[in-house]
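Before any comments, here is the structure.
Chains as they are written, first to last, in this note's numbering: chain A, 1 to 383; chain B, 1001 to 1412.
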């Protein structure tokens, strides 16, 4: 037996040197090296630059041999609490609102269209193409089309005879749901506490009593902190109000027009993947049409919803070109952090601050992507 | 054909060694402005036929894209031989302080330009004892446009001061003109209007003091600029943030608004695109309170240190500053010559009137077009104006502007 095990053990070792493996290594190496330098290396460099003062002094900004000093987290503390950077904070709030509306609208519309198409209407292939078609355009093209359509005194307003003052799709100066930025610690604490309570109720359902109590205790502690110490934390020297700018409605419409076809395709694939036996079994058990959706189909579509949310979420957090095409630069009503990053770095020459904005965006996108990737890896390990 | 290719190849190889040189010029002039640049390029080729001129144009957005490309090239150690930049602090605060430009004082002296440009102009192009760029053209920023026939119909005259402007605005509103003044979005039309209001409020000296640090942005006089600007904004169209400057001009031409404050490129737009006749189809006056002052901006070219073809670049600059060069370029571009001896017969009615003012008025530099403040300030200032338009808080805007000025080193 011992002797017989030698060749079986040696075989994989020899295989690691065979030409196939060598080729795959050779073929992969260039892109691995390029990725290492131009993606991860530059991320590290941006991360380092965001901790410096490059560009604060105009004399050093574009010098051939700039003197760059390490200043720690000062760029970040300015972004979140400095007098001059309320613009960034508004952009951050805007992008979160935009993301929420964009994802909800895309999922809703996509699911609705998919459910309609799932009923096999006449000319289904044609409809599918029509709904999916906007995705083939680039955001720049979409933005240009919609800028023209949503013009105050033209486009849809002229077509339907709407009053341009009341239907200011992209030009509204109004903002709703405003809150004081200084209340951010409190709001964050309450949101996290609510999530913890959700965890606690789940733990109760699964009978994990310690987990439940720990979660409840953490939530209580957070809320306690928020209403005592947290309440006295002042982020900015003066009260500062940010809200959802109504001018984003136009941008959301354009973005949803572009991407809802994509969620429709995802959901349609999911719906087609559900075997008819399941629906028939549910019908035999006495479920009505709505009950089938509620208890059979929607739960099965949950993983699709999750992946669609991830894809849409990271697109909306880093969105640049659509907004650039629709409302151009320096339009505070519809600005997003990616545009501000471009303006800060390439118009204002404040490279370190631009890098800091970039890092904040990276962290936001990572917060969406990383848990998803982790769960994917775990799943593929299991299988 | 083959022979020609061989010769071309040989020329390319020996290009640097032989007299046949190379020159790369970098600009954002394309589209409407392309023909003016082409005319200059043609003139250069006539004078220096052996030089291979590479016209590196990066189109779009009033130079936004070109400036970003230029920065990456300069940081990468590959400067073009000569590049377009707004004259004044946009160049000085960005490239001169970084020690990346060559001093052109000797060129000014050898070409006799010191007496050919207006006296007020040279200090605005200089710092640290050097003159840093050659202005090709001059545009005026503080112009108010209107349609004479419409004003007659409404029974008003172009206001001369800001108070008069506000009074006229009230009159027009009473007559049913919802937005007597039209303005475009905050990318530049709104800050552009701000600088005319500021000049009209503070006067020429006050405006200069603001950027030399003698007058603080938080001074009550400077806060008044914001108050005035807010009052003027109350007279403007509600959809401003969705309009380009051309669309804001259209409102005046169509009679939806009475006045629009914009640079004098609007004259080109109205004459060429809208086919209105200067003087009768459309009229102009200095922005309220700014009569006697020419708020200018200028496209200029400089010489970066380390330019590969320095001699050819100097010849290019010589051509740009010459009378022939300026009179070739400007009538096509719709601007006027920076020199005071240009041949006015080549220009249209509006340009002739602007050129007369250029020679006689006091000269002040535009803020949003880069003459009096560096890029850090102008880019941040756009945000402050946009914020003010939202919240109308004059004190907050004044404080933010002062903080920005300190950060950008204004008045140091």
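All residues carry an ideal CB built from backbone N, CA and C; glycine is no exception.
Annotation: the continuous beta strand (DSSP E) that includes residue 175/A extends over 175-180.
Within the stretch 345-366 of chain A, the residues whose Cβ lies closer than 8 Å to any Cβ of chain B are, in chain order, 346, 347, 348, 349 and 350. Distance from the Cα of residue 1178/B is smallest, within the candidate group 1168/B, 1078/B and 1257/B, for 1257/B. The three-state reading of DSSP puts residue 267/A in helix, counting H, G and I together. Counting other Cβ atoms within 10 Å of its Cβ, residue 1264/B reaches 16 or more and is therefore classed as buried. Between residue 1147/B and residue 1127/B the beta-carbon gap is near 42 Å, outside 8 Å, which marks them as no contact. With a beta-carbon spacing of about 43 Å, residue 189/A and residue 162/A fall beyond the 8 Å limit used to define contacts. Residues of the stretch 147-177 of chain A that bring their beta carbon within less than 9 Å of a beta carbon in chain B comprise 147, 150, 151, 152, 153, 164, 165, 168, 169, 170, 171, 172, 173 and 175, in sequence order.
For residue 306/A, the closest of 238/A, 202/A, 196/A and 371/A by C-alpha to C-alpha distance is 371/A. One Cα belongs to residue 365/A, the other to residue 312/A, and the distance between them is close to 11 Å.
By the Cβ neighbour-count rule, residue 1334/B is buried, with 16 or more other Cβ atoms within 10 Å of its own.
Burial is judged here by how many other beta carbons sit within 10 angstroms of a residue's own beta carbon; residue 184/A has at least 16 and is buried. Proximity of chain A to residue 1097/B at the Cβ level (cut-off 9 Å) is accounted for by 57, 58, 59, 60, 61, 62 and 63, in chain order. Chain A places a beta carbon closer than 8 Å to that of residue 1390/B, counting this residue as a contact.
Within the stretch 295-310 of chain A, not one residue has a Cβ closer than 7 Å to any Cβ of chain B.
For residue 340/A and residue 180/A, the gap between their C-alpha atoms comes out near 21 Å.
Shown here for residue 1291/B: same chain residues with a beta carbon closer than 7 Å to its own, the five before and five after excluded, namely 1160 in chain order. Chain order gives the chain B residues near residue 333/A as 1241, where near means a beta carbon separation below 7 Å. In the three-state scheme derived from DSSP, where H, G and I count as helix and E and B as strand, residue 207/A is classed as coil. Annotation for residue 1053/B: the continuous beta strand (DSSP E) segment containing it runs 1052-1057. Interface flag for residue 87/A against chain B is set, since a Cβ pair is found closer than 8 Å. Boundaries for residue 299/A: no beta strand (DSSP E) harbours it, while the alpha helix (DSSP H) harbouring it runs 298-317, taken from the DSSP string. Taking all protein chains in view, the Cβ of residue 70/A is surrounded by fewer than 16 other Cβ atoms within 10 Å, so the residue is classified as exposed. Counting C-beta pairs with one atom in each stretch, the stretch 1322-1330 of chain B and the stretch 1034-1045 of chain B have three or more that are closer than 8 Å, which means they touch. In terms of CA proximity to residue 131/A, 258/A leads the group 38/A, 107/A, 160/A and 258/A. Residue 1340/B has a beta carbon lying at 8 Å or more from every beta carbon in chain A.
In this structure, the alpha-carbon of residue 1224/B lies about 21 Å from that of residue 1188/B. Among the CB atoms of chain B, one or more fall inside 8 Å of the CB of residue 328/A. Contacts with chain A at 8 Å (Cβ-Cβ) include residue 1093/B.
Burial check for residue 1312/B: the Cβ neighbour count within 10 Å reaches 16 or more, so the residue is buried.
Between the stretch 1211-1225 of chain B and the stretch 1129-1145 of chain B there are fewer than three C-beta pairs closer than 8 Å, too few to call the two in contact.
Here the alpha carbons of residue 1277/B and residue 1271/B stand approximately 6 Å from one another. For residue 1383/B, the nearest CB of chain A lies under 8 Å from its own CB, placing it at the interface with that chain. Taking a beta-carbon distance threshold of 8 Å, residue 79/A does not count as an interface residue toward chain B. At a beta-carbon threshold of 7 Å, none of the residues of chain B lie near residue 339/A; the nearest stands roughly 11 Å away. Nearest CB-CB separation between residue 1364/B and chain A: not below the 8 Å threshold.
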